[in-house]
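Working notes, structure below.
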Amino acid sequence: MGLSGFVSSQAREEYFAVYERAFAALPRAAAHFDVETAFGTARVYRFGEPGPSPMVLLHGRAGATVMWEPNLAAFAERGGPVYSIDIIGEAGRSVQTAPIRNARDQAAWLSTVLEELELSGAHLVGYSFGGWLAANFAVHEQSRLASLTLIEPVQTFAPFTVGLVTRSALAALPVVRRWGRPSFIEWISDGAEVDADDPVASVIEEGMRTFRIGLPTPRVFRDEQLRSIRVPTLVLVGGRSVMHDARKSFERARRLLPDAQCELWPSATHAIAGESATEVNERVLEFVSSVEQRVQQ
């Protein structure tokens, strides 16, 4: 695999103009860190003061930290620190400097970040592609984790749908660069109209337009890999998701994860964390609290 990066210096400037406008809508970050890894520099934002039981967030494709805009305030109010990582190899403030060739490399750079920031007993929360990355980390490095939350994870329990593969290919073509991507965002939201001024949608659109992904395509985990995840796990699947077969994902997660609470939300789409933000925030925080209570007993 090659290196991810912006298609031009102008594209980079255009992306970060949108990124900074969207970032301004987030709760104020208490600090940020640029952590050096073998694969590049990871930008990490901390919301709240340092302390035990950190939440660590991994965003979906092209969304960067601003994808968590509907959720960050609620997560930060729980009392513990929240760390949000701009994923290496994705559009955002992190910079990839060496090829990421496989799933072990993906786990390795994240392990370095947690080690350098001295984060242990972490509640790792991943959304979409970030959900795959979180599950992959649990397969390889779960000793640093207190819990795992997977929100509409892709390529984790079931493969991409044919419709998604087709749409993604079309969205990558220059001829549809101006009209294909907004409709793509609407498509993964099951036809819901996307506000042109929505900060999260704007960043995703710009990320898809201006940034070239050089990461390997995630592979669906084998049965034995999923059985190896021993940390308490919460899985939220949108019943109307166009990314994967929701029923198959739900059933496979429930069958194979040893210590998991798996939920299929019938009316939710892949955009569950935004469209059902209040309910998702409450459920995630309830789960994290229950895990902490188990540890204290």
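Following the UniProt record's numbering, the numbering of the sequence shown begins with 1 at its first residue and continues without gaps.
For every residue, glycine included, the Cβ atom is placed at its ideal position computed from N, Cα and C.
query, result
"Compute the minimum distance between the beta carbon of T161 and the heavy atoms of the ligand GTP, and state whether it is under 7 Å.", "In terms of ligand content, the structure shown is empty, and the ligand GTP therefore cannot be addressed."
"Given a cut-off of 8 Å on the beta-carbon distance, is the pair L58 and G5 in contact?", "no"
"Three or more beta-carbon pairs under 8 Å between the segment 30 to 46 and the segment 215 to 222, yes or no?", "no"
"Taking the CB atoms as reference points, tell me whether A103 and I229 lie closer together than 8 Å.", "no"
"If you follow the alpha helix (DSSP H) that V291 is part of, which residue opens it and which one closes it?", "277 to 296"
"I need the straight-line Cα distance from V203 to V18, nearest angstrom please.", "6 Å"
"Keeping to the same chain, check which residues put their C-beta closer than 6 Å to that of N281; ignore five residues upstream and five downstream.", "N71, A74"
"Can V7 and A146 be called in contact, C-beta distance under 8 Å?", "no"
"Looking at C-alpha atoms only, which residue of S84, G92, T149, D105 is the closest neighbour of L117?", "S84"
"Which residues does DSSP list as the beta-bridge partners of Q261?", "L234"
"Tell me which residues share the same chain as E20 and place their Cβ nearer than 6 Å to its Cβ, disregarding the 5 neighbours each side in the sequence.", "none"
"With a cut-off of 8 Å on the beta carbons, I'd call S111 and G60 a contact; round off their distance for me.", "That belief does not hold up - the Cβ atoms of S111 and G60 are roughly 21 Å apart, past 8 Å."
"What are the boundary residues of the beta strand (DSSP E) that includes D34?", "31 to 37"
"So, does the CB of G40 fall closer than 8 Å to a CB anywhere in chain C?", "In the structure shown, chain C cannot be found, because there is only a single protein chain."
"Roughly how many whole angstroms lie between the Cα atoms of G180 and R209?", "Per-residue confidence for G180 stands at a pLDDT of 42, beneath the threshold of 50, marking its modelled position as unreliable; no derived number is given."
"Apply the 10 Å Cβ neighbour rule to G51 and answer buried if 16 or more other Cβ atoms are within range, or exposed otherwise.", "exposed"
"Looking at C-alpha atoms only, which residue of D223, L264, S241, E286 is the closest neighbour of L257?", "D223"
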